[in-house]
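Reviewing the structure listed below.
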Amino acid sequence: MCNIAVGDSKDTSFNSSECGAKEKVSAFLDLATNLIEVAKENYPNCDVSKDLTKVVERNITKDVLTPKKHADCAEILKHGQRKSGEYTIWPSHRNFLGKELKVFCDMETDGGGWTVIQRRGKFANKVDFYRNWSDYKHGFGNISEEFWIGNDNIFALTNQGTCTVRFDMKSVDKEYRFATYSDFRIEDEKAGYKLHYGNYEGTAGDGIKEIKNMEFSTKDKKYQKSNTGCPSKRLSGWWFKNCGSSNPNGLNLPDGREDKKYMNWRPFTKYRSLLSIEIKIRKEK
1 MCNIAVGDSK DTSFNSSECG AKEKVSAFLD LATNLIEVAK ENYPNCDVSK DLTKVVERNI
61 TKDVLTPKKH ADCAEILKHG QRKSGEYTIW PSHRNFLGKE LKVFCDMETD GGGWTVIQRR
121 GKFANKVDFY RNWSDYKHGF GNISEEFWIG NDNIFALTNQ GTCTVRFDMK SVDKEYRFAT
181 YSDFRIEDEK AGYKLHYGNY EGTAGDGIKE IKNMEFSTKD KKYQKSNTGC PSKRLSGWWF
241 KNCGSSNPNG LNLPDGREDK KYMNWRPFTK YRSLLSIEIK IRKEK
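Okay, structure coming up:
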C-alpha cells in the first residue's frame, strides 16, 4: 500500500495582472498532470483517484488566480507591489469584514506601504471640504486627486493594528516638510471619532498637539463646549480645541496671505495656506 501526496508550493503567488500570468498557470497544470501520469505508470497498484487531476487543477487555479485580499497598502507592498497608485483593499476590522475599499497607496515615501486618507493640492477641480457629518463619515472626492477617505474607513484602518500617521506638506515657496505620530487611531462614530496618537517626529513641527482625545466636528455636528462654532470659523471638518491648532481641511487658497480658514500647518506656515498636504497611515512593524 502506498500514498501519493501533492504538496503545496512554497511560493506560488504572483500578480494575476502581470504579463504571462495565464501561461504560468498552464505550466503549473501541465507539471501537475505529468506528475500524476508518472505516478500511475510507476505505481500501478496505488489507489490514485480518477478525479485527482481535476482536484489539482481546481486548487492551482484557486491559489494562483485568486488574488489575496490585502487589509491595507502595507500588505500590498509586502507582496511585491511597489508602484504608487489606486488599489483595492479589504480591511480586517470586524465592522468591515467582506467589504472592499478603493484606496491610494504611497509606495515611495519613507519605505512605502502608506494608505492615503486625505489629500489637498493644486488640482483643476478643487473639492469643498466644508462638509456635513455624513460626508465626513462616508468620505468624498477623488482618491487620485483631492479627497477625504471617510471617518468610518479611518476607524476600520486604524483599529486593525497599531498605526503611524504621516503628514506630508509643501508650502507656497515649495519647501517640503513632514510630521509623523505613533500609535494613531480614532474611535468609532458613537464616540465621535475621538482622536488618539503618540509621539511626534519630523520637520514640520507638532501641529496637532492640542487636539489629543478630541472628537471630530463638522458644521452640523459639534462636540465639546470648546468646539462651538469652530467648523464654521475654520470652514472645515476636523478635530478642534478652542478653534486653534492646524487646519489641514481648510480652504485651498495658496495666495500667500494668512487666514485661519486656510488649510495650514501652524508651526510650519502659521496661517498661510499650504500648497499641498497629504495624510497617510501605515501599520507599525
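Residue numbers (the UniProt record's numbering): 1 to 285.
Glycine included, C-beta positions come from ideal geometry on N, C-alpha and C.
All values derive from a computational prediction rather than experimental measurement.
Going by beta carbon distance, what residues of the same chain come within less than 8 Å of threonine 203, once the five residues before and after it are set aside?
Mapped onto the sequence shown, residue 203 falls at position 203. For threonine 203, where only same-chain residues beyond five positions count, the Cβ hits under 8 Å are Arg177, Phe178, Ala179.
Mind reading off the beta-carbon distance from glutamate 215 to tyrosine 200? Whole number of angstroms is fine, and I expect it under 8 Å.
Taking the sequence shown and counting its residues from 1, one reaches residue 215 at position 215. Taking the sequence shown and counting its residues from 1, one reaches residue 200 at position 200. Their Cβ separation, rounded to whole angstroms, is 21 Å, which puts glutamate 215 and tyrosine 200 out of contact at 8 Å.
Is the beta carbon of glycine 139 less than 9 Å from the beta carbon of isoleucine 149?
Within the sequence shown, the letter at position 139 stands for residue 139. Within the sequence shown, the letter at position 149 stands for residue 149. Result yes, Cβ atoms of glycine 139 and isoleucine 149 sit closer than 9 Å.
Output yes or no for whether 9 Å exceeds the beta carbon distance between leucine 157 and isoleucine 281.
Along the sequence shown, one-based indexing puts residue 157 at 157. Along the sequence shown, one-based indexing puts residue 281 at 281. Yes; because the gap between Cβ atoms is below 9 Å, this pair is in contact.
Is the stretch 237–257 in contact with the stretch 126–135, if contact means three or more CB pairs nearer than 8 Å?
Three or more Cβ pairs closer than 8 Å define a contact, and the stretch 237–257 meets that threshold against the stretch 126–135.
Within 10 angstroms of its Cβ, does serine 246 collect 16 or more other Cβ (buried), or is it exposed?
As a position in the sequence shown, residue 246 is number 246, starting the count at 1. By the neighbour-count rule (16 or more Cβ atoms within 10 Å), serine 246 is buried.
Can you tell me whether aspartate 168 is buried or exposed, with buried defined as 16 or more other CB within 10 angstroms of its CB?
As a position in the sequence shown, residue 168 is number 168, starting the count at 1. Counting every other CB atom within 10 Å of its CB across the protein chains shown gives aspartate 168 a total of 16 or more, marking it as buried.
Kindly indicate the opening and closing residues of the alpha helix (DSSP H) around cysteine 73.
Translated into positions along the sequence shown, residue 73 becomes position 73. Cysteine 73 -> alpha helix (DSSP H) spans 73–78.
Need the endpoints of the beta strand (DSSP E) that residue 289 sits in, please.
This structure cannot settle anything about residue 289, because the visible part of the chain is limited to 1 through 285.
Can you list, in chain order, the residues of its chain whose CB lies under 6 Å from that of aspartate 220, leaving out five sequence neighbours each side?
Position 220 of the sequence shown holds residue 220. If we look at aspartate 220 and ignore the five residues flanking it on each side, its Cβ neighbours are Asn132, Trp133.
Those runs of the alpha helix (DSSP H) which lie wholly inside the stretch 117–200 and span at least 4 residues
133–138, 151–158
In this structure, does DSSP put arginine 234 in helix, strand or coil?
Here the question's residue 234 lines up with position 234 in the sequence shown. In the structure shown, arginine 234 sits in a helix (DSSP, three-state: H, G or I).
Three-state secondary structure assigned by DSSP to lysine 283:
The count along the sequence shown starts at 1 and reaches residue 283 at position 283. Correct three-state label for lysine 283: strand.
Kindly indicate which residue of Cys105, Arg234, Trp238, Lys174 has the alpha-carbon position closest to the one of isoleucine 186.
What you label residue 186 is simply residue 186 of the sequence shown in a count that begins at 1. Ranking the options by Cα distance to isoleucine 186, first place goes to Trp238.
Let me know if serine 144 comes out buried or exposed under the rule of 16 or more other beta-carbons within 10 Å of its beta-carbon.
Here residue 144 refers to the residue found at position 144 when the sequence shown is read from its first residue. Looking at its Cβ environment, which holds fewer than 16 other Cβ atoms inside 10 Å, serine 144 is exposed.
Contact set for aspartate 259: own chain, Cβ-Cβ below 7 Å, skip 5 residues either direction
Along the sequence shown, one-based indexing puts residue 259 at 259. Here the set comprises Tyr271.
Which partner residues does cysteine 105 have in the DSSP bridge list?
Against the sequence shown, residue 105 aligns to sequence position 105. DSSP, once it has assigned bridges, lists Gly85, Thr115 as partnering cysteine 105.
Check each candidate in Gly113, Glu189, Asn213 and name the one with the smallest Cα separation from histidine 79.
For the purposes of this step, residue 79 is taken as residue 79 along the sequence shown, with counting starting at 1. Closest option to histidine 79, Cα to Cα, is Gly113.
Indicate whether threonine 269 and valine 165 have their beta-carbon atoms separated by less than 9 Å.
Taking the sequence shown and counting its residues from 1, one reaches residue 269 at position 269. Taking the sequence shown and counting its residues from 1, one reaches residue 165 at position 165. In this structure, valine 165 does not lie closer than 9 Å to threonine 269 by Cβ.
Who pairs with phenylalanine 278 in a beta bridge, going by DSSP?
Walking along the sequence shown from the start, residue 278 turns up at place 278. Position check: residue 278 holds glutamate in this sequence, whereas phenylalanine was assumed. Glutamate 278 is bridged to Arg119, Asp168.
Could you say which of Thr109, Asn142, Lys190 lies nearest to alanine 124 if we only look at CA atoms?
The count along the sequence shown starts at 1 and reaches residue 124 at position 124. It is Asn142.
Beta-carbon gap between glycine 121 and serine 276 smaller than 9 Å
Sequence index remark: in the sequence shown, residue 121 carries index 121 (1-based). Sequence index remark: in the sequence shown, residue 276 carries index 276 (1-based). Taking 9 Å as the Cβ cut-off, glycine 121 and serine 276 qualify as a contacting pair.
Classify phenylalanine 216 as helix, strand or coil using the three-state DSSP reduction.
Locating residue 216 in the sequence shown gives position 216, where the first residue counts as 1. Three-state DSSP puts phenylalanine 216 in a strand.
Mark threonine 115 as exposed unless 16 or more other C-beta atoms lie within 10 angstroms of its C-beta, in which case mark it buried.
On the sequence shown, residue 115 is found 115 positions in, with the first residue counted as 1. Buried is the label assigned to threonine 115, since at least 16 other Cβ atoms lie within 10 Å of its Cβ.
In the structure shown, what three-state DSSP assignment does alanine 21 receive?
Against the sequence shown, residue 21 aligns to sequence position 21. Because alanine 21 carries a pLDDT of 49, less than 50, the predicted location of this residue cannot be relied on, and the following value inherits that uncertainty. DSSP places alanine 21 within a helical segment (H, G or I) once states are collapsed to three.
Separation of glutamate 146 from serine 84, as counted between CA atoms:
Locating residue 84 in the sequence shown gives position 84, where the first residue counts as 1. Locating residue 146 in the sequence shown gives position 146, where the first residue counts as 1. Rounded to whole angstroms, serine 84 to glutamate 146 spans 16 Å at the Cα level.
Host alpha helix (DSSP H) of arginine 266 (start-end)
By 1-based counting over the sequence shown, the position of residue 266 is 266. Residues 266–269.
Alanine 191: buried (16+ other C-beta within 10 angstroms of its C-beta) or exposed?
For this step, residue 191 is matched to residue 191 along the sequence shown. That one is exposed.
What does DSSP give as the partner residues of glycine 202 in its beta bridges?
The residue you call residue 202 lines up with position 202 of the sequence shown. Paired residue(s): Ala179.
If leucine 195 sits next to isoleucine 211, beta carbons under 8 Å apart, how far is it from one beta carbon to the other, in whole angstroms?
Start at 1 with the first residue of the sequence shown, and residue 195 comes out as number 195. Start at 1 with the first residue of the sequence shown, and residue 211 comes out as number 211. Leucine 195 to isoleucine 211, Cβ: 6 Å. Contact.
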